[in-house]
Structure formats: C-alpha cells, structure tokens
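Visitor: Numbering (our numbering), first residue to last: 2 to 996.
Have a look at the structure that comes next, please.
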Amino acid sequence: MSLTTEQTFEAAIVQALVEHGGYTEGNAPDYSPELGLFKYEVIQFLQQSQPKRWAKITAIHGADADNRVIQRLYKELDLRGSLDVLRNGFVDYGVRFQMAFFQPASGLNPDAVALYQHNQLKVYRQVYYSKSNRNSVDVVLALNGLPLATLELKNQFTAQNVQHAVRQYSTTRDNKELLFAFKKRSLVHFAVDQDEVFMFTKIEGSKTNWLPFNKGYNNGKGNPPNPQGYRTAYLWEEILAKDSWLEIIQRFVHLQTVEFEVEGSLYKREKLIFPRFHQLDAVRKISDHATQHGAGSNYLIQHSAGSGKSNSIAWLAYRLSSLHNAQNERIFDSVIVVTDRKVLDQQLQNTIYQFEHKTGVVQKIDKDSSQLAAALGYGTHVIITTLQKFPYVVDKVSELPERKYAVIIDEAHSSQGGEASKKLKEVLATQSLDEAAEEELDDYSGDDFVREQVERSARTRGQQSNISFFAFTATPKYKTLQVFGHQNAEGKPQPFHLYAMRQAIEEGFILDVLQNYTTYELYFRLTKAIEDDPKLNKRKAAKAIGRFVSLHPHNLAQKTEVIIEHFRQVVAKKIGGQAKAMLVTGSRLHAKRYFIEFNKYIQDKGYQNEIKVLVAFSGKVVDQDTTAQGVSEPELTGYGERELPAVFEKEEYKILIVADKYQTGFDQPLLHTMYVDKKLSGVKAVQTLSRLNRTCTGKEDTFVLDFVNDRETIFSSFQPYYEITTVTEELDINHLYDLKARLDQFQVYWDSEIEAFAQVYFNPSTNLNNPRDQKHLYAYTDPAVDRFRAIAEEESREEFKKGLRTWCALYSFLSQIMPFIDSELEKFFAYAKLLQTRLPKRELSESMQLSDEVALEYYRLQKIKEGAIELIKGEDGELSGTSEAGLKRPKDEEALLSEIIDVLNDRFGTEFEEADKLFFDQIEAELMLDETLQSQAKVNKIDTFKYAFEDLFISKLLDRMDQNQEIFEKILEDKAFGGLVKELMMRKVYRRMNE
2 MSLTTEQTFE AAIVQALVEH GGYTEGNAPD YSPELGLFKY EVIQFLQQSQ
52 PKRWAKITAI HGADADNRVI QRLYKELDLR GSLDVLRNGF VDYGVRFQMA
102 FFQPASGLNP DAVALYQHNQ LKVYRQVYYS KSNRNSVDVV LALNGLPLAT
152 LELKNQFTAQ NVQHAVRQYS TTRDNKELLF AFKKRSLVHF AVDQDEVFMF
202 TKIEGSKTNW LPFNKGYNNG KGNPPNPQGY RTAYLWEEIL AKDSWLEIIQ
252 RFVHLQTVEF EVEGSLYKRE KLIFPRFHQL DAVRKISDHA TQHGAGSNYL
302 IQHSAGSGKS NSIAWLAYRL SSLHNAQNER IFDSVIVVTD RKVLDQQLQN
352 TIYQFEHKTG VVQKIDKDSS QLAAALGYGT HVIITTLQKF PYVVDKVSEL
402 PERKYAVIID EAHSSQGGEA SKKLKEVLAT QSLDEAAEEE LDDYSGDDFV
452 REQVERSART RGQQSNISFF AFTATPKYKT LQVFGHQNAE GKPQPFHLYA
502 MRQAIEEGFI LDVLQNYTTY ELYFRLTKAI EDDPKLNKRK AAKAIGRFVS
552 LHPHNLAQKT EVIIEHFRQV VAKKIGGQAK AMLVTGSRLH AKRYFIEFNK
602 YIQDKGYQNE IKVLVAFSGK VVDQDTTAQG VSEPELTGYG ERELPAVFEK
652 EEYKILIVAD KYQTGFDQPL LHTMYVDKKL SGVKAVQTLS RLNRTCTGKE
702 DTFVLDFVND RETIFSSFQP YYEITTVTEE LDINHLYDLK ARLDQFQVYW
752 DSEIEAFAQV YFNPSTNLNN PRDQKHLYAY TDPAVDRFRA IAEEESREEF
802 KKGLRTWCAL YSFLSQIMPF IDSELEKFFA YAKLLQTRLP KRELSESMQL
852 SDEVALEYYR LQKIKEGAIE LIKGEDGELS GTSEAGLKRP KDEEALLSEI
902 IDVLNDRFGT EFEEADKLFF DQIEAELMLD ETLQSQAKVN KIDTFKYAFE
952 DLFISKLLDR MDQNQEIFEK ILEDKAFGGL VKELMMRKVY RRMNE
C-alpha cells in the first residue's frame, strides 16, 4: 500500500484506536443499513452484560428473542434517539436493558465499575451504509453495536484536505440513511485530515453547520505542530479513547430544544450539542485541577464571545457537582451558579436533567435569602441564584466551614443595564449634556458589578479554604487577573483557560468588529475626498456627498441627520434588508434628547414607514420639557423595560439608542452598525463594540462610525483580548481607480461580459437557485476564467488574483462611506466577487463560496435593493496601505520604496535630505544586530513580530534623539508620520531578517 494514500491514514487511526484506545476492530459487513446498527454486536452485549434479563426475555419470546428485542430497540431508537437510549436503556415486555454502562462518579460501587468493563467499543473501516447504492464511509465508531460517530478522512499527499471531506458530507451523505439520520444513530460526524478537524451533528446538505474541532494555534485557528506525528492525532489518541469518549457521551452531548414564535404560533427546534474542543478542554482541566487540589482555588476562564459559555457553564456545574477525590469524598457539597439569565436557568435545568434523568438536582433561587439558605443547608447539588444575592451567598457559605462550595460566576451576561450595581440618579433640568456625560462616566455595567463583588470578597476575606470561584469572562480587567489569575512561569497572572477573541473570529464564530471601524474625522475626510474627485462628480454624486461634508457635527441635530441618512442609504440594505443599528450615547440625558431628535427628523422627512426608533436607559431623566419627576424609558417608547429586547426584534424597529444599557450581554445578530457618541476605552470599549459581533445568515461584516474616540484608544483597548491588528488609517479613494486600471491591463474580463452578467444578476425575476438562471452566471464568467488560465506566468496570475481580492475588499469598505450608488463600480463588484470564487484556488475552502446558496441569495438581495456590499477580508485580514495594496511594482520601484526618506517626503511633503538617511540607516543597523529580534522574526508572522519590534524601535530611537532632533520630534509628535516610519522600518527589517 502506498504511503501517500487515504487508506494509509485510515489504517494509522484504526491501529492507534485498537492498540491504545480501548477498541477492537469490527467486521464492516455486519452493519445493517435497514436497522442502522450492528445486530450481532447488540445481541452479544445484552447477553454477556445482562444475562439474567436476557434469560427473562428469552422465556417470553422464545426462539424469536433476538429479532423481537432488536425490533423493540429499533423502535425506541426511532422514537427517542440513540443518546437517550444509551443513557437510559429500553424496556421490552417489562424487562429493562441498558445499552451502555458509564463510569461511576466514585469507586464506592464495585458492581458499577465491573459493568463499565462490559462496554464494547469497535472501529469499522469502509462501512457500506445504504440499501440503494454502494457508497461507504471511511470509519464508523460503535458502542455495543450502536454507531456513534462517522469519520471521513483525507490525506493531503493525495492533494485533498479536510474541506474535501466537509464537501463530501454536505453533497453525498443523505440524512435519510439511518447512519446519518439526525439523533437516531450517529451523534457526531468528523471531517479529518492531517492538520485540522471539523465536526457536524446534523447533515443538511449545503446548510450543514460544520464547526471546527481544533486546539487552536498561537491563539488563532488550526492546531499546533506535533513532533510525534499528525497535528490532529489528539482526536484519536485523546478524544476518542475509551474513557474520554464514554465520558463525552455520558456528561457532555445533549439535545437542546429551542422555542421560537412565528406569526403567533410557538414552534420547537431540536439541536444536538457536541462540545467544541475548547469547551471540553476547559471543563476537563478545571475538573482535574479541582480534584487534585480540592476546594479553595480560584479559576479565571477567559472565553471570547461566541465560545458557547452557556453550555460550558452547564457542563462545568454538572461535572463539579459530581467530583470525588481519591478517598471517594465529594469535592464540593454544592455548586452555586450566579447569573441573571433566564435562558441559562432553563438550559442548566434541561441539560443536567438529561444527564441525571431526575428532578431536584438543580434549584433556582427566585424568592428570598431564606430560600437560598435552605438550599445551601440541604446540600442541593446545583443552585442558581442572582447577582443581587451574590453578597449574601459569600456571607452564608463562609459561615458553613464544614461544607465546600463551587461558585460559578456568569460575568459576561450580567445585568443589561447594571441596575443592581448603581443608584439611579436624577439629572437636573439645568444640567448640560457634557455634565450629564461626566456624571455618568463612572457608572459601571453589570459585568463590573460582579467583578467588584467577587474581587472585594476575595480581597477582604482572603482565600477561603471551603470556596472555589470559577469566573467566566471574555474581558478580564487588571484587578480580575490579579485576584483570580493563575501565575505563569514568570510569576505573572493569567487565565486558567483561554479561548481568545482571535481564535473565535478566525474560526467564524464571531465577526471582527474593528475591520470597518471609522472615526468621524476619517469619515469626513473620505467624503470630502469623494466630493473633490472629478471622476465621482461626473457620476452626479457631488450633491449627495456635499450634504455630509457640510454637516461636520457639533450638535445632536447635525449628528442625527448623518446617522439617519447613513442608515437609510447604506445600512438598511445589509443582511438582505434586515440590518439594525445601535447608537451609544454618553448619558441618559443624551439618549432622551437623541430619541426626540430622531423622531422629529424621521417625521419631517416622511421616513415613518422605513424606520422606527427605540431608546433604553435606567430610571427617569429630568429635562426642560419634563415634569419634576422626569420621564422614563417606558413612557417614551410605550413598552416595558423587559419587553424592549423582544420589541427590537420586530422588523420595523431599526435603531436602538442606549445609555449604559444593552452594552453587555445583549445578543441581537441583526445588529450590523454602531454609532458611537460616548467616550469608550478599555474593557468597556470591547464590551460595547462587541454587540456587533454576532453572526447570522447573510451577515458578512459590521460597521462602526465613531464621533468621539480615536483609533489608537480603541486599538489599545482591544489588543489585550484580540491579538490581531486590524485598525488602519490610510485610505485613498483614487486607489479604486488606480487598481481597477491595473486589473484592466490583464485583459482577463471584458466590459461586454460584465454588462451581460449584470443584466441577469440584478434582474429581480432571476432565481439564482434555479439552474436555468444560474447557468448564465457561469456562462458570462467562463471566458474570464479561461483567459486567466492562459496567463503563462504564475506570478502574474497571483498578482491578478490578489489585486482583484484587494479591490473588492476596498470597495466593500468604501461603499459604507459613499451615500450613493456608482452603477459601473457596482456591476464590476458583483462580477468580480463571483469571478474570485471561480479562479483556480490552492485551497478548496475558497472555491466553496458559490455553493452556499443561502449566502449568495442574501448577497444578491442586497444588490437588488441598492445596498452596500459584504466585506471580504483582504490580505492578512486588514485594509492597510491601500495607496499601494494590490498594485505590484517593478523591482526597481520596490527598491525605491525601501528608501524611507523618499516615502516620507512624498507622503508628508517633508524636505529631508539624503544626508538624513543616515539617521534611519543607523537605527536599522542596530535593530538588525539584535539577536532576540532576529529569533522573533524567524518564528513569528509579521503581525505578531510587530509587538517585539515596536519596543526595541522606540529604545533605539531614544538612544539617537540628539543626532537628528527634527526627525525625532516629528516621529513622536505626528502619529501618522511616526506610524508610517515604524511600519516601513518594521517591514524592511522583517524582510531582511528572513531573507
């Protein structure tokens, strides 16, 4: 057998499972497509593990016992699903059979330990799963005759990767086959190659929701190198090994039921939840540490938004409630979950009920402190209480030293308005908006309230030997890390477990909210540049742009026009016309006045049928036009405070104005754009802007228009949690035309083909899901693909592809600035977007975009409605350096660019002489000699190398400050100038060190 075939990879996995994972290899032909199980394995397991019960059923059914029992099992699997049958068994004529025996929480019951050994795990190769064809799946894992998982494997040596396996599941695996039927047989499906793993629990063709199951690498996606072999070996060596695999089935996999309302009717949708790698890893590492060290430790779990914290908390609460030490003593008498989310309340109840299948394991404290005291006294396994009762929890459990407690704090979804954390204040009628903003600046959100309580308790009482805290947050503050962080090798505090924002973004669970972050200064400058551009003036855009330029905002009325018109002309068409926006204000008085101003403007312009606005703030606000008692949020909106999130779901409500409310823990996937009129920094900036990061079908990007904050502040706020630089400043409108002209020179596409494409694509009667219509999109892009293939030099082909990708990304961003539609650019953009997907790719994942019919239909709907365009990430995920991006320069020009003096003189109009070049040459020479920096350049990508470089650059700069005072002062005083110097120097040094 060739070492480079798929079968070799398959054999390696099977061999590892058999030799080290607790499996035996099964006989694939034993699988019955009609029954969806391995009949002989089921019978053998029941006879050997439960002989007395088998004797009883044989006495009832006689010689036909095998078939009768299998038919009964088949029916139960069909009705209840394999997960419920595995956990709770099935009954036939009053005889109860177990289909699996799980490891007991303690060793106190030797019979339970012995039964666990009766489980038979088998691995099967090339299982033919269909009655109608000869299709097979690479690997099937079965427990006691029931298939639990399938694996499709790809070997990269055969020029196939994990994305081919993903596509194979989506296009050739039919969920009508029992092996792939949702919840009835297999619980999870893995797509695997040597580098990455993806998983699914429900196969739905092109709509299959595939999820990465990777460890993460450098806080990003993927897996770290494995010196011992495959990067993905952890899957079969750790995850699928017997004890691990059975624990996942017993304690992690669960069926989640989601209720939703459609036109007044209530519907339920089931979702089978299989843990993602970071969730499983976190719960296991925390549990192992608690088992080894007992109560009295603190744990900080820094998991980004999109990490599935609700499930992580549910799994951890259940696991901690059943932990036993080596002496078979419980580690914790009770687990207390501090939250104020009803969703989590119910989810904990339902999830743990599935595991235990009994009531009373979880008790919600929704009355008073005496109810909480009683629950603590009874030793209820899992107690759910509110933020408000948190101080009482700490007081009460500290009074019971003979009892041990685990306290899980759900920080990231605390009180939406922080009502529990602050006294409601009356703002005087004579108070100015600036004073109101100053007065409310120190208010903190519900997140901060929990932190304050936890940290205060820890500081005043010190470490308590009978209490362990487990705090979940995406954005730990300095104090939080100091109090709850675990010390690393250097003695610095860090989270016990991390799932970084970078990894969540790269894995597609959340969107990058900084990718389209625009200050009003930049917005003003760009719109002014558009106004002054003669090419765009020819397109009758001057009037539309001019209004925005004249409205450099100094008061609410001017900002109101900017916001409403930008929303109407750009944002409203996003997400297929469903996009919503949020305005974040500096105080409750700001919010109230904006609400009045918005409604007045909407009324005056006749926009009532397009936009409705809501406002959210706590308490009552006193203003000149109110009574002495002031006006409240419900009085302005007509809705109660608890109703507002559901009201904002309605299609007609487009903009939500907030003041210290809904800035944390508010999940609205349709929220696309945020207008910021409030000073933000640090954790609060991250929490607030992260309201935009939720994903949904058709949502490809976000947009921020900030009237107050500078980019440096926002960047420094995100960097500790983010790890990727994506905010950039330099933009040039004319680059759209420069780059387009360069692309035209390749003669890959023709204007006549773009025009014919547009006639089909933008026609509302066209159905892109209909092959008769969709074929035209292929027909009009086919010639361009052929011409591209005919380009002889690979370097030229790559230059065209990169340039096309960059142009689309730049236009996508600028389309959110330009309040008009340029028909020629729109046509080219629509054509170029789809042409990108058809050009030969090195990675299959890029070529799969066109097959995503749902996303394609949303995208086209935006185009038909003359909307802005979804964002496609540019090179390295940023739009930096757009004055050159996508334009390949001849090598002699490239050499010119390396001369920093020339670039600075050209860009900033300085008059540095050639003699000044010595200043930069000497700094560059010293940087090149630094051995630590050399090693950093060898092992890091440039975005990570940047942080090591910047500190050393400043140090070298200070050493030579007396040598050239003019350049030194300009670097430090002019941020744009200094930033460019650092950028050019860094790239040059990085390139030289890697040559």
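Just so you know, even glycine gets a beta-carbon here, dropped at the ideal spot from N, CA and C.
If you follow the beta strand (DSSP E) that residue 17 is part of, which residue opens it and which one closes it?
Guide: Unbroken run through residue 17 is the alpha helix (DSSP H), 7-21; no beta strand (DSSP E).
Visitor: Do you know how far the Cα of residue 814 is from the Cα of residue 544?
Guide: Legend: pLDDT at residue 544 = 48, less than 50; position of this residue unreliable, value from coordinates given subsequently. Taking the straight line from one Cα to the other gives about 21 Å.
Visitor: Can you check whether the CB of residue 117 is closer than 7 Å to the CB of residue 98?
Guide: no
Visitor: Determine the DSSP secondary structure at residue 309, reduced to helix, strand or coil.
Guide: coil
Visitor: Would you check if the region 734-750 and the region 697-710 touch, i.e. whether three or more CB-CB distances between them fall below 8 Å?
Guide: no
Visitor: Return the chain-ordered list of same chain residues with a C-beta closer than 7 Å to the C-beta of residue 74, the five sequence neighbours on each side being excluded.
Guide: 43, 91
Visitor: Mind reading off the beta-carbon distance from residue 202 to residue 273? Whole number of angstroms is fine, and I expect it under 8 Å.
Guide: Beta-carbon to beta-carbon, residue 202 and residue 273 are separated by about 4 Å, close enough to satisfy the 8 Å threshold.
Visitor: Is residue 275 near residue 254, with beta carbons less than 7 Å apart?
Guide: Contact check for residue 275 against residue 254 passes: the beta carbons are separated by less than 7 Å.
Visitor: Please name the residue in 238, 979, 337, 196 whose C-alpha comes closest to that of residue 713.
Guide: 979
Visitor: Please tell me whether residue 694 and residue 515 are closer than 7 Å, where the distance is taken between their beta carbons.
Guide: With respect to the 7 Å criterion, residue 694 and residue 515 are not classified as neighbours on the basis of their beta carbons.
Visitor: Report yes or no: do the region 741-761 and the region 780-796 share at least 3 C-beta pairs separated by less than 8 Å?
Guide: yes
Visitor: Taking 8 Å as the threshold, find out whether the region 322-339 comes into contact with the region 380-389 through three or more Cβ pairs.
Guide: Yes, the region 322-339 is in contact with the region 380-389.
Visitor: For residue 107, which residues from the same chain have a beta carbon less than 6 Å from its beta carbon, with the 5 sequence-adjacent residues on both sides left out?
Guide: 325, 329
Visitor: Residue 211 and residue 167 look like a contact to me (Cβ under 8 Å); what is the Cβ gap, rounded to whole Å?
Guide: Indeed, because the Cβ distance is near 5 Å, the residues count as touching under 8 Å.
Visitor: Could you tell me which residues DSSP puts in a beta bridge with residue 633?
Guide: Paired residue(s): 621.
Visitor: Does residue 777 come out as helix, strand or coil in the three-state DSSP assignment?
Guide: helix
Visitor: Can you look up residue 514 in the DSSP assignment and give me helix, strand or coil?
Guide: coil
Visitor: Excluding the five sequence neighbours on either side, which residues of its own chain have a C-beta within less than 7 Å of the C-beta of residue 592, listed in chain order?
Guide: These residues qualify, in order along the chain: 586, 616, 618, 658, 659, 660.
Visitor: From residue 49 to residue 119, what distance separates their C-alpha atoms?
Guide: 8 Å
Visitor: So who's on the other strand from residue 26, going by DSSP bridges?
Guide: In DSSP, residue 26 forms a bridge with 124.
Visitor: Can you give me the Cβ contacts of residue 629 inside the same chain, cut-off strictly under 8 Å, excluding the 5 residues immediately before and after it?
Guide: 623
Visitor: Measuring CB to CB, does residue 129 end up less than 7 Å from residue 137?
Guide: yes
Visitor: Just curious, the alpha helix (DSSP H) that residue 826 is in, first and last residue?
Guide: Start and end: 824-839.
Visitor: How would you label residue 294, buried or exposed, when you count the other beta carbons within 10 angstroms and need 16 or more for buried?
Guide: Residue 294 should be labelled exposed.
Visitor: Count the other CB atoms within 10 Å of the CB of residue 64; is the residue buried (16 or more) or exposed (fewer)?
Guide: Counting Cβ neighbours within 10 Å, residue 64 comes out exposed, since fewer than 16 surround it.
Visitor: Using the beta-carbon count (16 or more within 10 Å), is residue 215 buried or exposed?
Guide: It is buried - the Cβ of residue 215 has at least 16 other Cβ atoms within 10 Å.
Visitor: Give the straight-line distance between the Cα atoms of residue 373 and residue 292, rounded to the nearest whole angstrom.
Guide: 26 Å
Visitor: Which residue wins for smallest C-alpha separation from residue 477, given the options 469, 247, 501?
Guide: The residue with the shortest Cα to Cα distance from residue 477 is 501.
Visitor: Following the continuous beta strand (DSSP E) through residue 386, name the residue where it begins and the one where it ends.
Guide: 383-386
Visitor: Quick one: is residue 940 buried, meaning 16 or more other Cβ sit within 10 Å of its Cβ, or exposed?
Guide: Around the beta-carbon of residue 940, fewer than 16 other beta-carbon atoms lie within 10 Å, marking it exposed.
Visitor: Since residue 317 and residue 409 should fall inside the 8 Å C-beta cutoff, what is the C-beta to C-beta distance between them, to a whole number of angstroms?
Guide: 6 Å
Visitor: So what's residue 849 in DSSP terms, helix, strand or just coil?
Guide: Confidence is the limiting factor: at residue 849 the pLDDT is only 33, short of 50, which leaves the residue's position unreliable, though a coordinate-based value still follows. Look at residue 849 here: in three-state DSSP terms it is coil, with no helix or strand label.
Visitor: Of all the beta strand (DSSP E) runs that stay within the bounds of the region 180-224, which reach a length of 3 or more residues?
Guide: 189-193, 198-201
Visitor: Are the beta-carbon atoms belonging to residue 57 and residue 86 less than 7 Å from one another?
Guide: no
Visitor: Suppose the cutoff is 6 Å on Cβ atoms and the five residues either side in sequence are ignored; what does the same chain contact list for residue 355 look like?
Guide: 255
Visitor: Is DSSP giving residue 494 helix, strand or coil here?
Guide: strand
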